[in-house]
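Engineer: Here's a structure for you.
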Amino acid sequence: FYALFGIPLGKLADSWKRVRLMSIGLALWSLMTAFSGFARNGAMLTTARIGVGVGEATASPSAYSLISDWFPARLRATALAIYSSGLYFGGGVSLLIGGLIVESWNKAYPNGGPLGLVGWQAAFVWVGVPGLLLAVWVLTLREPVRGLIDGMPTDEDPAPFRGFLDELMLIIPPFTFLGALRRGPVALAINVLAAIGFAGVAMLLTKWVYAGPGKIIPAVSDQWLFLAVGYYAVFSWASALRSRDLPTFRLTWGSPAFLTTILGYGVVSFMSYASSFFAAPYGELAFSIPKTEIGWLLGAPAAVAGFLGVIAGGRAADWLFVRHPAGRLFVVMFGLLAPLPVVWVLFTTNDQTVFYVCASLSQFLAASALGAAAATSQSLVLPRMRGVATATFFLATTLVGLALGPFLAGWISATHGGDISFGVRSILWAAPIGFVCLLAAIRLVPEAARSLKERAEAAGEGELRPA
Numbered sequence: 003f004y005a006l007f008g009i010p011l012g013k014l015a016d017s018w019k020r021v022r023l024m025s026i027g028l029a030l031w032s033l034m035t036a037f038s039g040f041a042r043n044g045a046m047l048t049t050a051r052i053g054v055g056v057g058e059a060t061a062s063p064s065a066y067s068l069i070s071d072w073f074p075a076r077l078r079a080t081a082l083a084i085y086s087s088g089l090y091f092g093g094g095v096s097l098l099i100g101g102l103i104v105e106s107w108n109k110a111y112p113n114g115g116p117l118g119l120v121g122w123q124a125a126f127v128w129v130g131v132p133g134l135l136l137a138v139w140v141l142t143l144r145e146p147v148r149g150l151i152d153g154m155p156t157d158e159d160p161a162p163f164r165g166f167l168d169e170l171m172l173i174i175p176p177f178t179f180l181g182a183l184r185r186g187p188v189a190l191a192i193n194v195l196a197a198i199g200f201a202g203v204a205m206l207l208t209k210w211v212y213a214g215p216g217k218i219i220p221a222v223s224d225q226w227l228f229l230a231v232g233y234y235a236v237f238s239w240a241s242a243l244r245s246r247d248l249p250t251f252r253l254t255w256g257s258p259a260f261l262t263t264i265l266g267y268g269v270v271s272f273m274s275y276a277s278s279f280f281a282a283p284y285g286e287l288a289f290s291i292p293k294t295e296i297g298w299l300l301g302a303p304a305a306v307a308g309f310l311g312v313i314a315g316g317r318a319a320d321w322l323f324v325r326h327p328a329g330r331l332f333v334v335m336f337g338l339l340a341p342l343p344v345v346w347v348l349f350t351t352n353d354q355t356v357f358y359v360c361a362s363l364s365q366f367l368a369a370s371a372l373g374a375a376a377a378t379s380q381s382l383v384l385p386r387m388r389g390v391a392t393a394t395f396f397l398a399t400t401l402v403g404l405a406l407g408p409f410l411a412g413w414i415s416a417t418h419g420g421d422i423s424f425g426v427r428s429i430l431w432a433a434p435i436g437f438v439c440l441l442a443a444i445r446l447v448p449e450a451a452r453s454l455k456e457r458a459e460a461a462g463e464g465e466l467r468p469a
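The sequence shown begins at 3 in our numbering and counts up one residue at a time.
Following this line, the structure appears as structure tokens:
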């Protein structure tokens with residue numbers, strides 16, 4: 003839901019007040035976080051978590067677009083990296099605050115507290131409510147003129163919510179078929195064939211997974227089904243984008259520079275998510291570290307390392323950018339290659355101290371790529387397209403990185419006797435794919451950025467008026 007709802011919400015960020023949208027989104031996911039604490043069954047908790055995902059999906063499209071209008075191009079990787087550092091800061095603080103709330107609440111109310119809440123439920127409520135106050139503060143932020151800082155001021159969309167609803171229908175089956183039908187019978191036929199194709203691939207992969215020797219992964223069929231729905235929704239939206247907004251399509255899905263950038267970073271996230279997800283289980287098995295300790299000893303230092311890494315990478319990316327038009331991509335390449343030997347040692351060492359050091363160091367190195375990749379993707383589109391570009395960027399990190407990285411590492415581990423080390427190290431062989439993508443991006447991005455206006459106008463964009 004986070005990845006897919008980012009598409010229509012990215013469109014809304016491109017056509018409405020971004021500050022207002024971000025405030026509403028923050029209020030929604032804070033409210034749904036608090037509501038999670040009152041869940042009495044799985045359905046209520048699932049609904050609340052979906053609400054959290056939808057609310058969070060407003061954040062980055064709005065924030066990336068705002069930051070790109072607040073800061074000049076030469077500072078954008080640093081600014082976007084500082085914004086992104088909140089992911090690591092929040093992850094570290096949540097370990098501290100969440101743990102303290104659960105422990106304190108259960109001690110004070112061993113048989114359940116007010117409203118029947120137990121520790122984990124109280125933690126949801128306590129961390130959700132402050133977000134409602136922050137949502138009010140966000141409303142005080144200044145809404146900049148879209149594109150003014152780049153000399154391309156953009157008029158506001160007179161009907162922003164119409165575009166949002168249209169985009170929403172393009173990602174939700176069976177409304178996707180209606181959207182295709184509006185474009186004609188050929189578009190409908192292609193859409194239906196795509197749906198059948200993705201469903202068929204999911205069924206084949208499920209059968210293949212179960213056919214081999216080794217352990218069967220529970221709910222693996224659900225994993226492939228959800229991925230198939232996600233990929234089909236993206237296909238449906240991208241197909242419609244080509245006929246609805248050709249300039250945006252040409253600068254994103256139709257741009258080799260844009261695609262190789264986000265796919266290259268997608269491989270970084272693919273490996274990073276896999277290694278970070280399995281670091282704690284591996285530590286428990288390899289060093290007999292208690293579950294009660296490993297979260298603090300492993301998670302907190304890694305969160306600090308990620309926080310520092312993303313900011314350092316953003317600063318380095320901007321420094322290189324003023325010296326070479328593809329300079330930021332050198333940092334993304336660094337974030338792809340530098341963690342490889344560290345992750346290998348992390349999952350093979352017999353020394354517990356080395357294990358902890360490598361866990362934090364790998365997080366620092368991989369995190370360095372985020373601000374650079376984000377700033378590069380923003381530089382390849384017009385100001386009115388930045389929300390959609392951000393949503394597309396996060397499709398790569400989510401549907402490639404988060405959805406596939408930990409899953410495939412776990413599946414490989416399960417089919418090889420539960421060997422976590424082998425599973426994660428096998429994932430590292432995806433690095434050559436990222437390397438090729440980033441090499442291509444380094445060659446393509448400078449010209450794509452230089453010819454941005456010309457390519458947009460050639461695709462039908464109205465004449466871009468100077469400031």
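From the three backbone atoms N, C-alpha and C, an ideal C-beta is built for every residue, glycine too.
Every value quoted in this text rests on a predicted model; they were computed, and no experiment measured them.
Pick out the complete alpha helix (DSSP H) segments inside the region 299 to 327, 4 residues or longer, and give them in chain order.
Structural biologist: Within the region 299 to 327, the runs of alpha helix (DSSP H) that reach at least 4 residues and sit entirely inside it are, in chain order, 302 to 323.
Engineer: Suppose you measure from the CA of Leu-135 to the CA of Ser-86; what does that come to, to the nearest Å?
Structural biologist: Counting from 1 along the sequence shown, the entry for residue 135 is found at position 133. Counting from 1 along the sequence shown, the entry for residue 86 is found at position 84. Each residue's alpha carbon lies about 21 Å from the other.
Engineer: Decide if Glu-158 is buried, meaning its Cβ has at least 16 other Cβ atoms within 10 Å, or exposed.
Structural biologist: For the purposes of this step, residue 158 is taken as residue 156 along the sequence shown, with counting starting at 1. When all chains shown are included, Glu-158 counts as exposed.
Engineer: Since I believe Ala-242 is in contact with Ile-9 (beta carbons under 8 Å), could you give me their beta-carbon distance rounded to a whole number of angstroms?
Structural biologist: Within the sequence shown, residue 9 is the residue found at index 7, counting from 1. Within the sequence shown, residue 242 is the residue found at index 240, counting from 1. In fact, because the Cβ distance is near 10 Å, the residues do not count as touching under 8 Å.
Engineer: In terms of alpha-carbon separation, which member of Val-426, Ala-230, Tyr-4 and Asn-43 lies closest to Pro-341?
Structural biologist: Locating residue 341 in the sequence shown gives position 339, where the first residue counts as 1. For Pro-341, the nearest C-alpha among the options comes from Val-426.
Engineer: What do you reckon, are the CB atoms on Leu-476 and Met-273 nearer than 8 Å?
Structural biologist: Residue 476 lies beyond the stretch modelled for the chain, which goes from 3 to 469, so this question has no answer here.
Engineer: Using 8 Å as the threshold, is the C-beta distance between Gly-12 and Val-390 below it?
Structural biologist: Residue numbering aside, residue 12 sits at position 10 when the sequence shown is read from its first letter. Residue numbering aside, residue 390 sits at position 388 when the sequence shown is read from its first letter. Contact: yes.
Engineer: Rounded to a whole number of angstroms, what is the C-alpha to C-alpha distance between Ile-435 and Asp-152?
Structural biologist: Here residue 435 refers to the residue found at position 433 when the sequence shown is read from its first residue. Here residue 152 refers to the residue found at position 150 when the sequence shown is read from its first residue. Spanning the two alpha carbons is a distance of roughly 33 Å.
Engineer: Roughly how many angstroms lie between the CA atoms of Met-171 and Ala-201, to the nearest whole one?
Structural biologist: By one-based count along the sequence shown, residue 171 stands at place 169. By one-based count along the sequence shown, residue 201 stands at place 199. Near 20 Å, if we compare the C-alpha coordinates of Ala-201 and Met-171.
Engineer: Taking Cβ to Cβ, would you say Ser-381 is nearer than 8 Å to Ala-451?
Structural biologist: The residue you call residue 381 lines up with position 379 of the sequence shown. The residue you call residue 451 lines up with position 449 of the sequence shown. Yes, the pair counts as a contact, with Cβ atoms nearer than the cut-off.
Engineer: What did DSSP end up calling Glu-463 once you bin it into helix, strand or coil?
Structural biologist: Within the sequence shown, numbered from 1, the residue matching residue 463 stands at position 461. The answer is coil: DSSP assigns Glu-463 none of H, G, I, E or B.
Engineer: Which one of Pro-176, Glu-58 and Glu-169 has the shortest CA to CA distance from Gly-1?
Structural biologist: Because the chain in this structure spans residues 3 to 469, residue 1 falls outside the shown range and cannot be described.
Engineer: Using a 10 Å radius around the Cβ and a threshold of 16 neighbouring Cβ atoms, would you call Arg-144 buried or exposed?
Structural biologist: In the sequence shown, residue 144 corresponds to position 142, counting from 1. So Arg-144 ends up on the exposed side.
Engineer: Quick one: is Ile-198 buried, meaning 16 or more other Cβ sit within 10 Å of its Cβ, or exposed?
Structural biologist: Stepping through the sequence shown from its first residue, residue 198 is reached at position 196. Ile-198 is exposed by the Cβ-count criterion.
Engineer: So for Asn-352, helix, strand or coil by DSSP?
Structural biologist: Here residue 352 refers to the residue found at position 350 when the sequence shown is read from its first residue. Residue state for Asn-352 is assigned as coil, using DSSP reduced to three classes.
Engineer: So, are the CB atoms of Gly-92 and Ala-125 less than 8 Å apart?
Structural biologist: The count along the sequence shown starts at 1 and reaches residue 92 at position 90. The count along the sequence shown starts at 1 and reaches residue 125 at position 123. Not closer than 8 Å, so no.
Engineer: Using a Cβ-Cβ cut-off of 8 Å (strictly less than) and excluding sequence neighbours within five positions of Pro-132, which residues of its own chain qualify?
Structural biologist: Against the sequence shown, residue 132 aligns to sequence position 130. Closer than 8 Å at Cβ, skipping near neighbours: Ser-32.
Engineer: Below 7 Å CB to CB, which residues in the same chain sit around Gln-225 once its five sequence neighbours on both sides are set aside?
Structural biologist: Mapped onto the sequence shown, residue 225 falls at position 223. So the list reads Phe-409, once near-sequence residues are dropped.
Engineer: Under the three-state reduction of DSSP, which class applies to Thr-495: helix, strand or coil?
Structural biologist: Residue 495 lies beyond the residue range present for the chain, which begins at 3 and ends at 469; the question has no answer from this structure.
Engineer: So, Gly-53 versus Met-24, is the Cβ gap smaller than 8 Å?
Structural biologist: Locating residue 53 in the sequence shown gives position 51, counting from the first residue. Locating residue 24 in the sequence shown gives position 22, counting from the first residue. Not closer than 8 Å, so no.
Engineer: Tell me whether Gly-27 is buried or exposed, calling it buried when 16 or more other Cβ atoms sit within 10 Å of its Cβ.
Structural biologist: Against the sequence shown, residue 27 aligns to sequence position 25. Under this definition Gly-27 is a buried residue.
Engineer: Closest to Glu-105 by C-alpha separation, out of Gly-94, Val-95, Pro-116 and Val-120, would be which residue?
Structural biologist: Walking along the sequence shown from the start, residue 105 turns up at place 103. When each option's Cα is compared against that of Glu-105, the closest is Val-120.
Engineer: Return the CA-CA distance between Leu-97 and Ala-368, expressed in angstroms with no decimal places.
Structural biologist: Walking along the sequence shown from the start, residue 97 turns up at place 95. Walking along the sequence shown from the start, residue 368 turns up at place 366. Between Leu-97 and Ala-368, the C-alpha separation is close to 21 Å.
Engineer: Taking the alpha carbon of Arg-386 as the point to measure from, which residue in Asn-108, Ala-83, Asp-247 and Pro-176 has its own alpha carbon closest?
Structural biologist: The residue given as residue 386 occupies position 384 in the sequence shown. If we check each option's Cα against that of Arg-386, Asp-247 comes out closest.
Engineer: Within a Cβ cutoff of 6 Å, which residues of the same chain sit near Pro-327, ignoring the five residues on either side of it in sequence?
Structural biologist: Counting from one through the sequence shown, the residue named residue 327 turns up at place 325. So the list reads Pro-448, once near-sequence residues are dropped.
Engineer: Mind checking Trp-431: buried by the 16 CB within 10 Å criterion, or exposed?
Structural biologist: Looking up residue 431 in the sequence shown gives position 429. By the 10 Å Cβ count, Trp-431 comes out exposed.
Engineer: Counting pairs of Cβ atoms below 8 Å between the region 289 to 300 and the region 342 to 358, do you hit three or more?
Structural biologist: yes
Engineer: Note the first and the last residue of the continuous alpha helix (DSSP H) segment covering Asn-108.
Structural biologist: Translated into the one-based positions of the sequence shown, residue 108 becomes position 106. First-last of the alpha helix (DSSP H) with Asn-108: 78 to 110.
Engineer: DSSP state of Pro-74, grouped into three classes?
Structural biologist: On the sequence shown, residue 74 is found 72 positions in, with the first residue counted as 1. Looking at Pro-74 - three-state DSSP - the assignment turns out to be coil, as it is neither helix nor strand.
Engineer: Kindly indicate which three-state DSSP category Trp-139 falls into: helix, strand or coil?
Structural biologist: As a first step, residue 139 is located in the sequence shown; it is residue number 137 there, counting from the start. Correct three-state label for Trp-139: helix.
Engineer: Leu-253 CB to nearest chain B CB: under 8 Å?
Structural biologist: In the structure shown, chain B does not exist; there is a single protein chain.
Engineer: Taking C-beta to C-beta, are Leu-310 and Phe-396 nearer than 8 Å?
Structural biologist: Counting from one through the sequence shown, the residue named residue 310 turns up at place 308. Counting from one through the sequence shown, the residue named residue 396 turns up at place 394. No; because the gap between Cβ atoms is not below 8 Å, this pair is not in contact.
Engineer: Excluding sequence positions up to five away, which residues of its chain have a Cβ less than 6 Å from the Cβ of Gly-301?
Structural biologist: As a working note, residue 301 is residue 299 in the sequence shown. Around Gly-301: Leu-97.
Engineer: What does the Cβ neighbour count give for Pro-63, buried or exposed, with the cut at 16 atoms within 10 Å?
Structural biologist: Taking the sequence shown and counting its residues from 1, the one referred to as residue 63 is at position 61. Taking a 10 Å sphere around the C-beta of Pro-63, we find 16 or more other C-beta atoms and assign the residue as buried.
Engineer: Leaving aside the five residues before and after Gly-181 along the sequence, list all residues of the same chain whose C-beta is less than 6 Å from its C-beta, in chain order.
Structural biologist: Translated into the one-based positions of the sequence shown, residue 181 becomes position 179. If we look at Gly-181 and ignore the five residues flanking it on each side, its Cβ neighbours are Met-171, Leu-172 and Ala-242.
Engineer: What residues in its chain sit with their C-beta under 6 Å from that of Ala-276, if we drop five residues either side in the sequence?
Structural biologist: Reading the sequence shown from its first residue, position 274 is the one you call residue 276. Within the same chain, Cβ atoms closer than 6 Å to the Cβ of Ala-276 are found at Gly-407, Pro-408, Ala-411, Val-426 and Ile-429, the five residues on either side in sequence being excluded.
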